[in-house]
Amino acid sequence: MTRIISIVAGKGGVGKTFLTSNLAIALTELGKDVIAIDSNLTTPNLGIHLGIPLYPVTLQDVIKTKTKPHEALYRHPSGLRVLPAGIGVNDLRSIDPRGVQNTILDLLGSSDIMLLDSAAGLGKEGLVALESADEALFIVNPELPSVIDALKTAKLADQLGARKLGVVVNRIKGHKHEMSNAEISSLLNMPVVATLPEDRGVSESIASRTPFLHHKPHNELSYGIRKLASSMIGYDYAYKLPWYKRLLR
Ligand SMILES: Nc1ncnc2c1ncn2[C@@H]1O[C@H](COP(=O)(O)OP(=O)(O)OP(=O)(O)O)[C@@H](O)[C@H]1O
Ligand SMILES: [Mg+2]
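Heads up, the sequence shown is in the working numbering, so the first residue is 9 and it goes up one at a time.
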C-alpha cells in the first residue's frame, strides 16, 4: 500500500521543499520506491531543489489536459521519481488545485511512498496537500510565528483526519532566543522528530544543482535527514559519520 505523506507548515519559507526533496532521496537510498510530488502549483520549486528546474510535461498538464500522471513522472539520478509542477506564468491560469487529488489517486499503488511538497498558507492550494494525504509531517523554524502558524495547520490536520507524524525543527542556529524543542512540542502537542541545523551549504547545493544530501553527504544536516527517513519507515539508523566527524562531535 502506498503511504501518502505531506510535508506541511503554516508559514512560508520554513524549508518544506528542502525537506521534501532530501527526505525523498534519503528514503530512496533506504530502498523505498518514492514519488515526490510538487503540489505547490503557484510557486513550485521542488524541481529547483532537485537540480532540474525545467520539465517538458508537468502536473499542470496532467490536471488541465488528458496527460496521464505517469507521462509527467521523471527519474532523478538518485532513483527517486518526481512529479514536478510547471513554473511558467501560463501554468497558473485556470488551474484547480483539487486536480492534485485526482492525480494522486491515479498514482496510488505505483510506489511505496508519495511525498507531497505543499504550498505555504492555508488557502485552497495549501489545504489540498493536507486533504490528499494520510499522514502529515510538520516543519517549523524555532520561532514563535512559525510555530503558531503550524498550530493552525495541526488543527486542520486533526479535522481532516491526517495522522500527525511529528514536527521537524529546521534552521536551528543555536541562538539563546530560539524556541526549545520542549516548547515547540508542547505548543503543537506532537513530538519533535528531527532537529536540523542552519547550514550555508543549502544555498550552495541549490546553486550547484545538487541535492544537499549529495552535496554534503557526511554533515550534521544530512545525518539528521537520513535519521528521520529511517525512523519514518521503522528502520534502525545504521549510518555512521566518518571517524573525523565523530571526533568533532
Ligand atoms: N537547514 C537549512 N539551512 C540553511 N538554509 C536553509 C535550510 N533549510 C532551508 N533553507 C533555505 O531556506 C529557504 C526556504 O526553503 P524552502 O524553499 O525549502 O522553504 P519552503 O517552506 O518550501 O518555502 P515556500 O513556502 O515558499 O514554498 C531556501 O532558500 C533554502 O535554501
Ligand atoms: Mg516550497
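Idealized CB from N, CA, C, for every residue including glycine. Keep in mind the model is a prediction, meaning the values are calculated, not measured.
Please list, in chain order, all residues with a C-beta atom less than 5 angstroms from at least one heavy atom of ligand 2. 24, 25
If you measure from the CB of residue 120, is any heavy atom of ligand 1 nearer than 6 angstroms? The residue given as residue 120 occupies position 112 in the sequence shown. No, ligand 1 has no heavy atom inside 6 angstroms of this Cβ.
In the structure shown, what three-state DSSP assignment does residue 207 receive? Walking along the sequence shown from the start, residue 207 turns up at place 199. Residue state, collapsed to three classes: coil.
Does the distance between the C-beta of residue 204 and the nearest non-hydrogen atom of ligand 1 fall short of 6 angstroms? Along the sequence shown, read from residue 1 onward, the residue named residue 204 stands at position 196. Residue 204 Cβ: within cutoff of ligand 1.
For residue 211, verify whether its CB is less than 6 angstroms away from any heavy atom of ligand 1. As a working note, residue 211 is residue 203 in the sequence shown. Yes, ligand 1 has a heavy atom inside 6 angstroms of this Cβ.
Contact test: residue 157 Cβ vs ligand 1 heavy atom, cutoff 6 angstroms: As a first step, residue 157 must be located in the sequence shown, where it is residue number 149. The answer is no for residue 157.
What's the call for residue 215, buried or exposed, on a 16-neighbour Cβ count within 10 Å? Along the sequence shown, one-based indexing puts residue 215 at 207. Residue 215 is exposed by the Cβ-count criterion.
Flag this pair as yes or no: are the beta carbons of residue 293 and residue 178 separated by less than 7 angstroms? Any answer about residue 293 is impossible in this case: the structure gives the chain only from 9 up to 257.
Heavy atom of ligand 3 within 6 angstroms of residue 179 beta-carbon: In the structure on display, ligand 3 does not appear, and the ligands it does have are ligand 1 and ligand 2.
Is residue 141 near residue 170, with beta carbons less than 7 angstroms apart? Counting from one through the sequence shown, the residue named residue 141 turns up at place 133. Counting from one through the sequence shown, the residue named residue 170 turns up at place 162. In contact: residue 141 and residue 170 (Cβ atoms closer than 7 angstroms).
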